[in-house]
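> Okay, here's the structure, questions in a sec.
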Amino acid sequence: MKKILSGLLIAAMLLTAAAGCSETKSAEETGGAEASADAGGVTNIQPEEETETEETVHLPDLPQDLAFAGHAFTILNNDYSIPVWSQIDIGAEELNGVQINDAVFNRNTTISERYDCTIVSMKSMDVNGDIGRFVKSGDSTVDMATVHLRTFGVHAQSGYFVELNTVDSMNLSEPWYDQNSVSDLSVNHRLYGAATDITLMDEQATTAMVFNKALYEDYRLADTWGDVYDVVRDEKWDYDTLSGMISSVSEDLDGDGNRTEKDRWGMLFQRDTLTSFLNGFGIRVMTKNGEDIPELTLMTDEGVVVLDRIFDLLYQPENCLNVMKYFGDATWSDDMVTTFEANNALLMWIRMADVENLRTMDVDFGILPIPKYTAEQNDYICAVNPYVGTVTCILQTNYDPHMTGYFIEAMAAESRYTLLPAYYDVNLKGKISRDVESQDMLDIIFTHRAYDLGQTYDPGNFSNTLIYMTMNEDRDFASKWASSQKMINKSLEKILKNFQ
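Take any residue in the sequence shown, note its place counting from 1, add 522, and you have its number in our numbering.
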């Protein structure tokens, strides 16, 4: 597999300042070729042969004289009560030696100086409500927003966002748009938002797993499964392998007959693990047909079997610790990390932002993708969590969507070679992840991401019901589906009508 992400740091060193707007070559001038750049300006040289670990620097196709006449591009983005989910990737006041902050500052400075504009980060604890207020009042203060997928699902069908396929200054096939989001989030060939390299929140919200390397060795799991990274590479990291590992380490350490956080667990999980595994095992709440129209596909014969098996896996009180049920809403997140750091669990389900909480862990850990359902499944699938993952949207009240499209292209392209290297290669691949193999796993995780329309638009609120079922280890999804069927169908009809 071509390791795109591994080459970002190399590409960043090649790009550097990438010249002023007067030096940017259009596709017509360069013959459509890829380009590399240095501090002296953009060149038009294609490397003779692309190596497996390098990504060719690709410049946006922008007008040679592009300038925004001093416009202040205001980006509405998420503040949050949980610090790890507050965005730090839109604005930075000054250089402070922190990798992400400095990458954001340098990116913003470069774009501002190159294209004669300023970048304003408007942080909000209520992006959902603010979007409605701005659009309904006709206020054009905000040009664009980074929007949680669940919020996006509500506002996209309300007509609050510009349809991106109508913005001809944006090329949605470029690498600074997550192509999985472009293909997954359209409805009836209309796309109102996409995950871009401008923000890291879609990476932070990507689901994965971590494992305790010392416990893997202490319990001699390699005798049965071999090196766990080879298991992943050999496409054998699946449901049965996960289940076997979980049951191999669970232990009542103090022998008191009570299972607590002080004992040994096969896996720690929380409510969102359910839908993450559902997607990872190849099932979506909604799947699009050949006409790009979503259809409910959860309650197929295959979906029902997979859901039952997920409940079988998670609802094992002797093997899996349901942290939200055990610790309660107030402290579960911190307690989950503390339990894993105390070497009391082999595996823990995470969103990638959680990895940063493990930076002080004494024992080495590794990062793994979400398992497949069976080894025969085509790809690993790591869902982007819809409650904290974001997409970039242009508000309908935007002063000039065409010019904003150029700004997004410039900002996202610059981010790909400045902000992303700071995140992948310096932060995750340097300070946090503990081995070279985990770096390979990151490439797999971020390449095979999924955005489930059924969780984003959630007709009848059923996918939300599913994850809350895990709070009480409830598995009676069939009766809940039956009782909600009328509401689900009516909600889906309304969604489809809004996209006609």
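Built from N, CA and C at the ideal position, the CB exists for glycine as well.
Output needed for Y945: all residues of its chain with C-beta closer than 6 Å, excluding positions within five of it in sequence on either side, in chain order.
Here the question's residue 945 lines up with position 423 in the sequence shown. Counting only Cβ-Cβ distances below 6 Å, and skipping sequence neighbours, we find L722.
> Tell me whether V669 sits in a helix, a strand or coil according to DSSP, three-state version.
Position 147 of the sequence shown holds residue 669. Note: V669 maps to strand in three-state DSSP.
> Let me know if Q586 comes out buried or exposed under the rule of 16 or more other beta-carbons within 10 Å of its beta-carbon.
Walking along the sequence shown from the start, residue 586 turns up at place 64. Flag for Q586 reads exposed.
> To which residues does DSSP link R997 through a beta bridge?
Counting from 1 along the sequence shown, the entry for residue 997 is found at position 475. None; R997 has no bridge partner.
> Do you know whose CA, among D749, D690, N600, L829, lies nearest D996's CA?
Taking the sequence shown and counting its residues from 1, the one referred to as residue 996 is at position 474. Nearest C-alpha to D996: L829.
> Using the three-state DSSP reduction, which class does A744 fall into: helix, strand or coil?
Residue numbering aside, residue 744 sits at position 222 when the sequence shown is read from its first letter. Three-state DSSP puts A744 in a helix.
> Under the assumption that I720 contacts T914 (Cβ atoms under 8 Å), give the Cβ distance between them as a whole number of angstroms.
In the sequence shown, residue 720 corresponds to position 198, counting from 1. In the sequence shown, residue 914 corresponds to position 392, counting from 1. Rounded, the Cβ-Cβ distance is 6 Å, consistent with contact.
> How is M821 classed by DSSP in three states: helix, strand or coil?
As a first step, residue 821 must be located in the sequence shown, where it is residue number 299. Of the three classes helix, strand and coil, the one that applies to M821 here is coil, per DSSP.
> Taking 8 Å as the threshold (C-beta atoms), are T795 and V906 in contact?
Here residue 906 refers to the residue found at position 384 when the sequence shown is read from its first residue. Here residue 795 refers to the residue found at position 273 when the sequence shown is read from its first residue. No, the Cβ-Cβ distance between V906 and T795 is not below 8 Å.
> Here's the rule: buried if 16 or more other CB atoms are within 10 angstroms of the residue's CB, otherwise exposed. What is S708?
Taking the sequence shown and counting its residues from 1, the one referred to as residue 708 is at position 186. With 16 or more Cβ atoms within 10 Å of its Cβ, S708 is classed as buried.
> Counting pairs of Cβ atoms below 8 Å between the region 878-885 and the region 616-631, do you hit three or more?
Not touching, per the Cβ criterion.
> Please give the ranges of any beta strand (DSSP E) in the region 571-653, keeping only runs that are unbroken, at least 3 residues long and fully inside the region.
For the region 571-653, whole beta strand (DSSP E) runs of length 3 or above, ordered along the chain, are 593-600, 639-646.
> Secondary structure at T896, three-state DSSP: helix, strand or coil?
Along the sequence shown, read from residue 1 onward, the residue named residue 896 stands at position 374. DSSP places T896 in coil when its eight states are reduced to three.
> Could you check the C-alpha separation between K1002 and N986 for me, to the nearest Å?
Working through the sequence shown from its first residue, we reach residue 1002 at position 480. Working through the sequence shown from its first residue, we reach residue 986 at position 464. Looking at the two C-alpha atoms, the distance is approximately 12 Å.
> Given a threshold of 16 other Cβ atoms within 10 Å of its Cβ, counted over all protein chains shown, does D834 qualify as buried or as exposed?
Start at 1 with the first residue of the sequence shown, and residue 834 comes out as number 312. D834 comes out exposed.
> Between N865 and the rest of its own chain, which residues show a CB-CB distance below 8 Å, the 5 nearest in sequence each way excluded?
Taking the first residue of the sequence shown as position 1, residue 865 is located at position 343. Same-chain partners within the cutoff: N734, A736, L737, V885.
> Judging by CA-CA distance, which residue of V606, Y761, D611, K1016 is the nearest neighbour of E898?
Numbered from 1 along the sequence shown, position 376 holds the residue referred to as residue 898. The residue with the shortest Cα to Cα distance from E898 is Y761.
> Would a C-beta distance cut-off of 8 Å place D611 and L917 closer than the cut-off?
Counting from 1 along the sequence shown, the entry for residue 611 is found at position 89. Counting from 1 along the sequence shown, the entry for residue 917 is found at position 395. The answer is no: Cβ separation not under 8 Å.
> Is the distance from the Cβ of I903 to the Cβ of C842 below 8 Å?
Translated into positions along the sequence shown, residue 903 becomes position 381. Translated into positions along the sequence shown, residue 842 becomes position 320. No; because the gap between Cβ atoms is not below 8 Å, this pair is not in contact.
> So, do the region 664-676 and the region 596-603 have three or more beta carbon pairs nearer to each other than 8 Å?
Counting Cβ pairs under 8 Å, three or more are found: they touch.
> Within 10 angstroms of its Cβ, does Q1022 collect 16 or more other Cβ (buried), or is it exposed?
Counted from its first residue, the sequence shown places residue 1022 at position 500. By the neighbour-count rule (16 or more Cβ atoms within 10 Å), Q1022 is not buried but exposed.
> In chain order, what residues of the same chain have a beta carbon less than 7 Å from the beta carbon of S643, not counting five sequence neighbours either side?
Working through the sequence shown from its first residue, we reach residue 643 at position 121. Answer for S643: I597, N599, I612, G613, listed in chain order.
> To the nearest angstrom, how far is the alpha carbon of H580 from that of A852?
Here the question's residue 580 lines up with position 58 in the sequence shown. Here the question's residue 852 lines up with position 330 in the sequence shown. The alpha-carbon atoms of H580 and A852 are separated by roughly 45 Å.
> Which stretch, first to last residue, makes up the beta strand (DSSP E) that contains I815?
Position 293 of the sequence shown holds residue 815. Run containing I815: none; DSSP gives neither H nor E here.
> Label P943 either buried or exposed according to how many other C-beta atoms from any shown protein chain fall within 10 Å of its C-beta, with 16 as the threshold for buried.
Along the sequence shown, read from residue 1 onward, the residue named residue 943 stands at position 421. Result: buried.
> So, for M763: in the same chain, excluding its five sequence neighbours on each side, which residues have a beta-carbon less than 8 Å away from its beta-carbon?
Sequence index remark: in the sequence shown, residue 763 carries index 241 (1-based). Residue identity check: residue 763 is Thr in the sequence provided, not Met. Cβ within range, chain order: W747, V753, P893.
> Check the C-beta distance from I989 over to T797 and give it rounded, since I have them as a contact under 8 Å.
On the sequence shown, position 467 is the one that residue 989 refers to. On the sequence shown, position 275 is the one that residue 797 refers to. Contact flag correct, Cβ pair sits at about 6 Å.
> Starting from W759, follow its DSSP beta bridges and name the residues at the other end.
Stepping through the sequence shown from its first residue, residue 759 is reached at position 237. Per DSSP, none; premise fails for W759.
> Would you mind stating whether W854 and M731 have Cβ atoms separated by less than 8 Å?
Position 332 of the sequence shown, counting from 1, holds the residue named residue 854. Position 209 of the sequence shown, counting from 1, holds the residue named residue 731. The answer is no: Cβ separation not under 8 Å.
> In whole angstroms, what separates the C-alpha of M692 from that of D998?
For the purposes of this step, residue 692 is identified with residue 170 of the sequence shown, where counting begins at 1. For the purposes of this step, residue 998 is identified with residue 476 of the sequence shown, where counting begins at 1. Going from the Cα of M692 to the Cα of D998 covers about 46 Å.
> Given a threshold of 16 other Cβ atoms within 10 Å of its Cβ, counted over all protein chains shown, does E739 qualify as buried or as exposed?
Position 217 of the sequence shown, counted from the start, is the residue given in the question as residue 739. Classification for E739: exposed.
> Using a Cβ-Cβ cutoff of less than 6 Å, which residues in the same chain neighbour F849 once the five nearest sequence positions on both sides are dropped?
Working through the sequence shown from its first residue, we reach residue 849 at position 327. Result list for F849: D857, in chain order.
> In its own chain, which residues sit with a C-beta less than 7 Å from the C-beta of E936, not counting the 5 before and 5 after it?
For this step, residue 936 is matched to residue 414 along the sequence shown. Excluding residues within five positions, the ones whose Cβ falls inside 7 Å are R629, T632, I633.
> May I ask you to report which of helix, strand or coil DSSP gives I916?
Translated into positions along the sequence shown, residue 916 becomes position 394. Strand at I916.
> Tell me whether T718 sits in a helix, a strand or coil according to DSSP, three-state version.
Translated into the one-based positions of the sequence shown, residue 718 becomes position 196. In the structure shown, T718 sits in a strand (DSSP, three-state: E or B).
> Closer than 6 Å by C-beta to A594: which residues in its own chain qualify, once you throw out the five before and the five after it? Chain order, please.
Indexing the sequence shown from 1 puts residue 594 at position 72. Cβ neighbours of A594 beyond the five flanking positions: T640, V642.
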